[in-house]
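In this text, residue positions in the sequence shown follow full-length UniProt numbering: the first is 1, and each later residue adds one. Even for Gly, the Cβ is constructed at its ideal location relative to N, Cα and C.
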Amino acid sequence: MAQSGRLEDASAVLGQSHCPQCGDLFSDPRVLPCLHTLCMRCLQDLEPFSAQERGQSALCPVCDSEVSLPLGGVTDLLPDLLAQNQVLLERLRCGGGHVPCDLCGDGKGEWRCLDCKVTVCEFCCQAHRRQKRTAEHSLLPIQDLPPGSSLSPLPVCSLHALEELRLFCESCSLPSCRDCALVKHLGHEIRPVPEVAGRHRAELQGALAKSEPQLEVLEAALHRVQEAEDDLTRSAEVLRQDVEAFTEGYMRAVQKHRLRLLQDIEEEVLRKDQALTLQRARLRQHLTDLRTSTTFTRGLLERGPDLQIVQAKTLVVSRLKELKQGDYIQQVQTEGIVFNPKEEAGLCQGYQVYGAVQRGCADPERCQVRGQGLQSVYQGRLCSFTLSCSTKSGERLEKMGATPKITILQKESGRLVVSTAAMVITCLEMVGGVLAIVYPE
């Protein structure tokens, strides 16, 4: 399928600079479990959807998915570091802001040290170059940074403001500074963030590789839905022409009958079209959700800092598994509409007319007969049972306004006489267009 035919969900792409809810530049962007990013203001405006054992849930305004919120509310959601960086870059490009110096805090950040991962002003840049320890570091002007570069400094510990989060506790699945590693995480399995990020990156790549093929599968299913809708439209037009040809020999009665047949076709087309439209909407939503998640994951792998990968891995893998487990491809309804010109249609203004639009035929394999009357049948005695008829697509005939004609026959002779011996129904057969309940001889 052509790339241009893919659905776009630009509002959910990781690292963009504007909130899809309010349209403003992100302010403290956070990532929902569905992998859509919203600014904190919009998240705080969301009304709780339902109460759960682990906290409350809310509806994502982008995809309408119900997502679980942390016990601490939206403030405990994962920060989107890439979106924060994108906002900084956007402001720099527009000339409406500047990045503060990470060293002195007062100057305007104009240079980026690729080794220290800090943004410095002109004065601190010169000092950086004069110091022996940092003299060999690579410093680039902010405007010359390659695409995807981050301007955010390494996050620091909330308990120890001078300690950077360079470690990761495997036992708690939380980032840690050196001081916390010696106190809060004493005895735990502690690893450097880059080391853990390497493993998590491999897991994310594996999850992405398994999820990306679903994009083509969903797009192919959407294409089949479109083809089915086109075929439905074409077949409906053919039926209209058949109806027109059949009614030419009749006068006013036949003209009235023609209009009635056309109305039946339109109603059936509308019913099937609604079913296809619903299936298309579900497939598009699933495709949008999957593209959002894969785009989020791909952006995380390509541009995400190690800490972001470490923090987001569990969330991303959970979302990708959730989308993969869904029953997202249903059988496209291909059962057509049949017009039978030889079927008696009753009287119309005193004239016997023929021709009827069949909305569905009973499929013996999808029909069931239930009831105690099936086990013991005696001649001259009343017995009762229930017959449920469905089409090949599984649709019940009574919902389509159709009434099946039923005949009870003996299997060998075809007689309608039922003996006094106990009998058990064996099968359903189509006999001359009539659904027959066949008993043994």
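Bounds of the alpha helix (DSSP H) holding residue 293 are 252–303. With a threshold of 16 other beta carbon atoms within 10 Å, residue 390 meets it and is buried. Under a 10 Å Cβ-count criterion, residue 364 is classified as exposed, with fewer than 16 other Cβ atoms of the shown protein chains found around its own Cβ.
Under the three-state reduction of DSSP output, residue 206 falls in the helix class. Residue environment analysis places residue 314 among the exposed positions, since fewer than 16 neighbouring C-beta atoms fall within 10 angstroms of its C-beta. Of the residues assessed, residue 144 falls on the exposed side of the cut-off, its CB having fewer than 16 other CB atoms within 10 angstroms. Listed in chain order, the non-local C-beta contacts of residue 246 below 6 Å within the same chain comprise 341, 355, local neighbours out to five positions each way being set aside. Boundaries for residue 135: no alpha helix (DSSP H) harbours it, and the DSSP string shows neither H nor E there. Shortest Cα-Cα distance from residue 346 to any of 215, 22, 261 involves 261.
Residue 247: not part of any beta strand (DSSP E); DSSP gives it neither H nor E.
Sequence-distant Cβ neighbours of residue 128 in its own chain, meaning closer than 7 Å and more than five residues away, are 113, 120, 134, 137, 139. With 16 or more other Cβ atoms from the protein chains shown falling within 10 Å of its own Cβ, residue 258 counts as buried.
Residue 357 and residue 224 have their alpha carbons spaced roughly 25 Å apart.
Apart from sequence neighbours up to five positions away, the residues of its chain that approach residue 125 with a beta-carbon distance below 8 Å are 110, 111, 139, ordered along the chain.
Shown here for residue 189: same chain residues with a beta carbon closer than 6 Å to its own, the five before and five after excluded, namely 170, 171 in chain order. Sequence-distant Cβ neighbours of residue 212 in its own chain, meaning closer than 7 Å and more than five residues away, are 294. Every beta strand (DSSP E) stretch that sits fully inside the UniProt domain "B box-type" (152–193) and reaches 3 residues is listed by chain position as 167–169, 174–176, 190–192.
Shown here, residue 341 sits in a strand according to DSSP, grouped into three states.
Excluding the 5 residues flanking it on each side, residue 208 has same chain C-beta neighbours closer than 8 Å at 294, 297, 298, 301, 320, in chain order. Taking the C-beta atoms as reference points, residue 67 is found nearer than 9 Å to residue 32. Residue 215 is not a Cβ neighbour of residue 283, given a cutoff of 9 Å. Setting aside the 5 residues that flank it on each side, residue 290 is surrounded in the same chain by 211, 214, 215, 218, 323, each with a C-beta closer than 7 Å to its C-beta; the list follows chain order. Taking C-alpha positions only, residue 48 is separated from residue 25 by approximately 24 Å. Taking residue 80 as the centre and dropping the five residues before and after it, the same chain places the C-beta of 29, 31, 37 closer than 6 Å to its C-beta, in chain order. Taking C-alpha positions only, residue 89 is separated from residue 18 by approximately 12 Å.
If you look at residue 119, you'll find it in the beta strand (DSSP E) that goes 118–120. At a Cβ-Cβ threshold of 9 Å, residue 179 and residue 195 do not count as neighbours. Cβ atoms of residue 203 and residue 310 stay farther apart than 8 Å, at about 11 Å. The residues 167, 190, in chain order, have a CB closer than 6 Å to that of residue 181 in the same chain once the five nearest residues on each side in sequence are set aside.
Contact annotation, residue 229 with residue 276: C-beta distance approximately 5 Å; criterion of less than 8 Å satisfied. Assignment of residue 213 by DSSP, reduced to helix, strand and coil, places it in the helix class.
In this chain, residue 386 is not harboured by any alpha helix (DSSP H); it is covered by the beta strand (DSSP E) spanning 386–388.
The beta carbon of residue 173 is closer than 8 Å to those of 314 in its chain, skipping five residues each way along the sequence. DSSP, reduced to helix, strand and coil, places residue 77 outside both helices and strands of the structure shown, so it counts as coil.
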